[in-house]
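Residue numbers (the numbering used here): 87 to 352.
Take a look at the structure set out below.
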């Protein structure tokens, strides 16, 4: 259950030292998008317990999932045998959501039994690839705050210093658990904090909301998704606006045929 009172952090208007990705060319797009889809499938298979009746990773990651709109969301036992950096994972969460024009998923693999290390970064540690971060997969290009990011997987690392909170967005060129050092930083955003008294969240809660709850409301906000990272009396939220694409109007047989072409991963 979410904390009744929250310490709300909003993305600042400016990106600090960010580099925004250029659009993919017509020739590069299909190959690049298939590569990112493949990585998403491997991430799901390695980190999300896939039970009967759950979403098919190939259909979900490629945006072809139509029978289980809304995806999944839960805290779960960490999958045994996946590639992770030491120390071993003790707490795992993931949340995936399909909407008519976009597909998003988030996940956390933590070395602490309650996920607290996600919000433990200090000013000196957000660039340390060993620090916990939230994996974000977006099937399309997206805007995080005012930072433009390409399709695929990025890592979101919140950190706190005397000046307040910030969010570092790191590009994952390889797999989700193979951080580069130094990391390939796409941008860093200032965060503002409002403190509200109330009970504490004694276990990390990672949520992906389909419509804005705390992000600014206005024209086009139905396309904004919110990622919440809650622990103690802190609720960090990240506003994400994925590009919208036309909904796929195809029958189940056609969808599965297309999904079966994703690098032979079926």
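Glycine included, each C-beta is placed from N, C-alpha and C at the ideal position.
Would DSSP call residue i helix, strand or coil?
i, result
"residue 287", "strand"
"residue 301", "coil"
"residue 116", "helix"
"residue 254", "strand"
"residue 325", "strand"
"residue 164", "coil"
"residue 121", "helix"
"residue 368", "What is shown of the chain runs 87 to 352, which leaves residue 368 out entirely."
"residue 331", "coil"
If you check the beta carbons only, do residue i and residue j fall under 8 angstroms apart?
i, j, result
"residue 275", "residue 231", "yes"
"residue 330", "residue 188", "yes"
"residue 233", "residue 250", "no"
"residue 294", "residue 127", "no"
"residue 240", "residue 254", "no"
"residue 176", "residue 206", "no"
"residue 312", "residue 324", "yes"
"residue 256", "residue 236", "no"
"residue 123", "residue 147", "yes"
"residue 201", "residue 290", "yes"
For residue i, collect the residues of the same chain with a Cβ closer than 8 angstroms to its Cβ; drop the 5 residues on either side in sequence, then sort them by chain order.
i, result
"residue 363", "Past the boundaries of the shown model lies residue 363; the chain is included only from 87 to 352, so the question cannot be answered."
Counting C-beta neighbours from all protein chains within 10 Å, is the total for residue i 16 or more, i.e. buried, or is it exposed?
i, result
"residue 199", "exposed"
"residue 151", "buried"
"residue 288", "exposed"
"residue 252", "buried"
Taking 6 angstroms as the limit between beta carbons, can you name the residues of its chain near residue i, skipping five residues before and five after?
i, result
"residue 180", "134 and 193"
Looking only at its own chain, which residues have a Cβ that is under 7 angstroms from the Cβ of residue i, when we skip the five neighbours before and after it?
i, result
"residue 327", "228, 229, 309 and 310"
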